[in-house]
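To get the working numbering, take the position in the sequence shown, counting from 1, and add 46.
From the three backbone atoms N, C-alpha and C, an ideal C-beta is built for every residue, glycine too.
Keep in mind that this is a model prediction, so the values were computed, not measured.
Please read the structure below before turning to the comments.
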Amino acid sequence: MANRYSLKFEADVPVLMRDGTKTYADVYRPDAPGRFPALLTRTPYDKMSPPNRSTPIDPINAAMSGYAVVVQDVRGRYASEGEFSPLFQEIDDGYDSVEWVGGQSWCTGKVGMYSISYAGATQWLAAKAKPPSLAAIVPGMTASDYHEGWTWQGGAFELGFNLTWAMGALVSDNWANLEGRLGLSAARREAFLDSKDDLAAGMEHLPLNTYAPLQDGLAPWYYEWLAHPEYDDYWKRISIEESHGEIEVPALNVGGWHDIFMGGTLRNFVRMREMGATEDARRGQRLVVGPWVHERLPSPMPGQHYFGIRASANTMGLQPMILRFFDYWVKGEDNGLMDEKPVRIFVMGENVWRLEDEWPLARAETVPYYLHSQGKANTAEGDGTLSPEAPASEPPDVYAYNPSDPVPTTGGGLCCDPIWMAWGVYDQRPAESRHDVLVYSTPPMEQDTEVTGPVTATLYASSSAPDTDFTAKLVDVDPCGYARNLTDGIIRARYRKPKAPASLIEPGRVYEYTIDLWATSNVFKKGHRIRLEISSSNFPRFDRNTNTGGPIGKEDSFVSALQTVFHTSEHPSHVTLPLVPR
47 MANRYSLKFE ADVPVLMRDG TKTYADVYRP DAPGRFPALL TRTPYDKMSP PNRSTPIDPI
107 NAAMSGYAVV VQDVRGRYAS EGEFSPLFQE IDDGYDSVEW VGGQSWCTGK VGMYSISYAG
167 ATQWLAAKAK PPSLAAIVPG MTASDYHEGW TWQGGAFELG FNLTWAMGAL VSDNWANLEG
227 RLGLSAARRE AFLDSKDDLA AGMEHLPLNT YAPLQDGLAP WYYEWLAHPE YDDYWKRISI
287 EESHGEIEVP ALNVGGWHDI FMGGTLRNFV RMREMGATED ARRGQRLVVG PWVHERLPSP
347 MPGQHYFGIR ASANTMGLQP MILRFFDYWV KGEDNGLMDE KPVRIFVMGE NVWRLEDEWP
407 LARAETVPYY LHSQGKANTA EGDGTLSPEA PASEPPDVYA YNPSDPVPTT GGGLCCDPIW
467 MAWGVYDQRP AESRHDVLVY STPPMEQDTE VTGPVTATLY ASSSAPDTDF TAKLVDVDPC
527 GYARNLTDGI IRARYRKPKA PASLIEPGRV YEYTIDLWAT SNVFKKGHRI RLEISSSNFP
587 RFDRNTNTGG PIGKEDSFVS ALQTVFHTSE HPSHVTLPLV PR
């Protein structure tokens, strides 16, 4: 049995940044002579909070296993000094923090980083700076690009995430720090809390950039995000994807099929395997994806659906897996890690974990499933169908998108306040009863059918507006009619060309739209149906397109739009599914 050490704990140890700002960390380390490899997590969510300091590994257990563990409040948060500027501060501060840890008398000079969400971002941003002491990272449930897939998606502002994150974890929870720096009054706090209790109204507020509760120094960065809807130099500075070819560390990437940052988790793994700056960085990439939502210790019930106890992060052994990864790369133990398959995915529907050689799966066959109808695909009671047979000549489907009555968000990859947006798996039948939702379904599956890999929807559509949105959602429908959401996406018409400047559309003209639904792994059991929903809103997950073509974030009025979706031989709208032979 490996040595188990007694513990030494030091609270509020100062960690000096290059500009003189003092940040503070808690240190858990073996109470024994000598030097030990170190693990660092850098969090904006309070180093002293038990859930935050123990995500996803327990620092006490890690210290007793022979690691020095450092849990640090990032700049401007809780105990640490300075002004918080989300993400942008973490490149230099990450480098300085890693090197501070690596240079301590109790450290061997090798440092690993771990944790999820923003504390996953602090790892990738530190890795961009290439601190010499950084040996490996375990970024969970985090992005590869803080424009696309964090703040914006498909050109739409991720309103639900951005607003609940800002109002809750970033401002309300850090009020004591802000109060000391900004001299905030008790009355200001009461007014802020009133606004937080009325977030439904806040999400409907227009223009977006005049939302008052975050103004006057509380969250200047929120308005900066709105001022940069396009991928410009503002975002390039912190993009991980811009640096994959320069990053030198192996990573254990942890994600969830229902996580808000699932797309970035997969892209970090794939691109680092292809482009990492060193052989260790490329071959050292690992990927674990469960049926999980964005939570600290993922459970087997993300929303309303129970995937079985083996889906639990505890039951499947996520913490021992992470420590074993660090044992190899940070401690230097030859534990057979590199002899194992690099990918571990949970296959929903069948509800089993499976090891794979790569992602995406080489054996998956990409098959287009085409949209069909006789022009009446509105609602689940309509005549929309989905099949591998290409359409010939069929009437289009038409619906009205009214921004004053958007399709409500029902589950999915969400964050960060379940009071306002419940995340995970929910029955989609309420949304499918709306006439502004087109529904296309296969006949019941004649045999178990596995879809594992990237999913995209290709629409040929026109609109009466100069700008609008189109959404798509992949759904598993059981024989009783329960419609279980798998993955979804959105595209804003003016941003139909990725990372290109905005370009309004000509009303009435047919355009091709590609909607990235990221990925899934699901077995549609015999008797189940594959379903695709098409609409123009998913609110408040995404901001409502006003259909006016006005400047993003500054629009204060909206108009309705008539949307037409085509499915003919000339315009074969379809969803592309990766089918895995069984």
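Item to complete: Look up SER648 in the DSSP assignment and say whether it is helix, strand or coil.
Response: The structure shown does not extend to residue 648, since the chain spans only 47 to 628, so no value can be given for it.
Practice prompt. Could you tell me whether the Cβ atoms of LEU623 and VAL413 are closer together than 7 Å?
Written response: Contact: yes.
Worksheet item: Based on Cα-Cα distance, which residue from ALA546, ARG123, PRO296, ALA233 lies nearest to LEU216?
Response: Looking from the CA of LEU216, the closest CA among ALA546, ARG123, PRO296, ALA233 belongs to ARG123.
Worksheet item: Which residues in the same chain have their Cβ closer than 7 Å to the Cβ of VAL295, if we skip the five residues on either side of it in sequence?
Response: Cβ contact annotation for VAL295 (same chain, cutoff 7 Å, sequence separation greater than five): ALA173, LEU180, ALA181, ALA182, ILE183, ALA327, in chain order.
Worksheet item: Should the stretch 302-322 be called in touch with the stretch 358-367, which here means at least 3 C-beta pairs below 8 Å?
Response: Cβ pair count under 8 Å is below three, so no.
Discussion item. Buried or exposed for MET47, going by 16 or more other Cβ atoms inside 10 Å?
Written reply: Note that MET47 scores 46 on pLDDT, short of 50, meaning its location in the model is unreliable; the coordinates nonetheless yield the value given after this. By the 10 Å Cβ count, MET47 comes out exposed.
Worksheet entry | Three-way DSSP call (helix, strand, coil) for ALA503 in this model | Here ALA503 sits in strand by DSSP.
Worksheet entry | the stretch 415-423 / the stretch 436-445 touching (three or more Cβ pairs under 8 Å) | Taking one beta carbon from each stretch, the stretch 415-423 and the stretch 436-445 have 3 or more pairs nearer than 8 Å; the two touch.
Worksheet item: In or out: ALA233 buried (at least 16 other Cβ within 10 Å) or exposed?
Response: The residue is exposed, with fewer than 16 neighbouring Cβ atoms inside 10 Å.
Worksheet entry | Exposure of PRO79, with buried meaning 16 or more beta-carbon neighbours within 10 Å | PRO79 comes out exposed.
Discussion item. For THR168, which residues in the same chain have their Cβ closer than 7 Å to its Cβ, ignoring the five residues on either side in sequence?
Written reply: The beta carbon of THR168 sits closer than 7 Å to the beta carbons of ARG88, VAL120, GLU136, GLY140 from its chain, once the five residues preceding and following it are set aside; these are given in chain order.
Practice prompt. Would you kindly work out how many angstroms separate the C-alpha atoms of ALA566 and SER615, rounded to a whole number?
Written response: The residue you asked about is not Ala; residue 566 is Thr in the sequence shown. If I take the Cα positions, the gap works out to 28 Å.
Worksheet item: By Cβ distance, which residues of its chain are closer than 7 Å to TYR472, with the 5 residues on each side in sequence left out?
Response: Around TYR472: GLY349, GLN350, THR456, GLY457, ASN531.
Worksheet entry | Reduced DSSP category for MET47 - H, G, I as helix; E, B as strand; rest coil | Bear in mind that a pLDDT of 46 at MET47, under 50, signals an unreliable position, so the number given afterwards is only what the model happens to contain. Here MET47 carries a coil assignment [DSSP, helix/strand/coil].
Worksheet item: Can you check whether the CB of SER581 is closer than 7 Å to the CB of THR517?
Response: Going by C-beta atoms, THR517 is nearer than 7 Å to SER581.
Practice prompt. Check each candidate in PRO454, GLU404, PHE307, ARG329 and name the one with the smallest Cα separation from GLU341.
Written response: GLU341 has its Cα closest to that of PHE307, out of PRO454, GLU404, PHE307, ARG329.
Practice prompt. Kindly indicate which residue of SER163, ASN220, SER95, ASP451 has the alpha-carbon position closest to the one of ALA607.
Written response: Nearest C-alpha to ALA607: ASP451.
Discussion item. Contact defined as beta carbons within less than 8 Å: I believe LEU432 pairs with SER487. What is the distance between those atoms, to the nearest angstrom?
Written reply: The pair is a contact, with the Cβ atoms about 6 Å apart (cut-off 8 Å).
Worksheet entry | ALA503 versus ILE561, VAL389, ASN448, residue with shortest Cα-Cα distance | Out of ILE561, VAL389, ASN448, ILE561 has the C-alpha closest to the C-alpha of ALA503.
Discussion item. As an exercise, report each continuous beta strand (DSSP E) stretch of at least 3 residues that is fully enclosed by the stretch 179-250, in chain order.
Written reply: Counting only runs of 3 or more, we get 180-186.
Practice prompt. Pick helix, strand or coil for SER581, following the three-state DSSP scheme.
Written response: Correct three-state label for SER581: strand.
Practice prompt. Please specify which runs of the beta strand (DSSP E), each continuous and at least 3 residues long, are wholly inside the stretch 321-403, giving them in chain order.
Written response: Entirely contained in the stretch 321-403, the beta strand (DSSP E) runs reaching 3 residues are, in chain order, 332-336, 389-393, 398-402.
Worksheet item: Exposed or buried, which one is PRO544 when buried takes at least 16 other CB atoms within 10 Å?
Response: Of the other Cβ atoms in all chains shown, fewer than 16 fall within 10 Å of the Cβ of PRO544; this residue is therefore exposed.
Item to complete: Give me the Cα-Cα distance between TRP399 and ASN568, rounded to the nearest whole angstrom.
Response: Annotation: TRP399 to ASN568 spans about 12 Å, alpha carbon to alpha carbon.
Worksheet item: Between ALA265 and the rest of its own chain, which residues show a CB-CB distance below 8 Å, the 5 nearest in sequence each way excluded?
Response: Leaving aside the five residues that flank ALA265 on each side, the residues in its chain whose CB is nearer than 8 Å to its CB run, in chain order, ALA212, LEU216, VAL217.
Practice prompt. Kindly list the residues whose CB is nearer than 7 Å to the CB of TYR445, restricted to its own chain and excluding five residues on each side of it in sequence; keep chain order.
Written response: Counting only residues of its own chain and dropping the five nearest sequence neighbours on each side, TYR445 has a CB closer than 7 Å to the CB of ASN424, HIS481, ASP482, LEU484, GLN609.
Item to complete: Please specify which runs of the beta strand (DSSP E), each continuous and at least 3 residues long, are wholly inside the stretch 98-155, giving them in chain order.
Response: If we require 3 residues or more, the beta strand (DSSP E) runs fully inside the stretch 98-155 come out as 114-119.
Discussion item. Is the separation between the beta-carbon of TYR164 and that of PRO90 shorter than 7 Å?
Written reply: Yes.
Worksheet item: Taking the alpha-carbon positions, what's the GLU194 to CYS526 distance?
Response: Between the alpha carbons of GLU194 and CYS526 lies a distance of about 37 Å.
Worksheet item: Are the stretch 95-112 and the stretch 239-258 touching, with three or more C-beta to C-beta distances below 8 Å?
Response: Taking 8 Å as the limit for Cβ pairs, the verdict is that the stretch 239-258 does not touch the stretch 95-112.
Fill in: Alpha carbon of PHE203 to alpha carbon of THR188, nearest angstrom
The alpha-carbon atoms of PHE203 and THR188 are separated by roughly 17 Å.
Worksheet item: What do you get for SER603, buried or exposed, if any count of 16 or more other CB atoms within 10 angstroms of its CB means buried?
Response: The residue in question, SER603, is exposed, as its Cβ has fewer than 16 Cβ neighbours within 10 Å.
Worksheet entry | Whether TYR506 touches HIS617 by CB criterion (7 Å) | Contact annotation: TYR506 and HIS617 have beta-carbon atoms nearer than 7 Å.
Fill in: Proximal residues to SER231 (C-beta, below 8 Å), its chain only, five neighbours per side dropped
Annotation for SER231: no residue places its beta carbon closer than 8 Å to its own, counting only its chain and skipping 5 residues before and after.
Worksheet item: For chain B, is any of its Cβ atoms less than 7 Å away from the one on GLY263?
Response: Absent from the structure is chain B; it holds one protein chain and no more.
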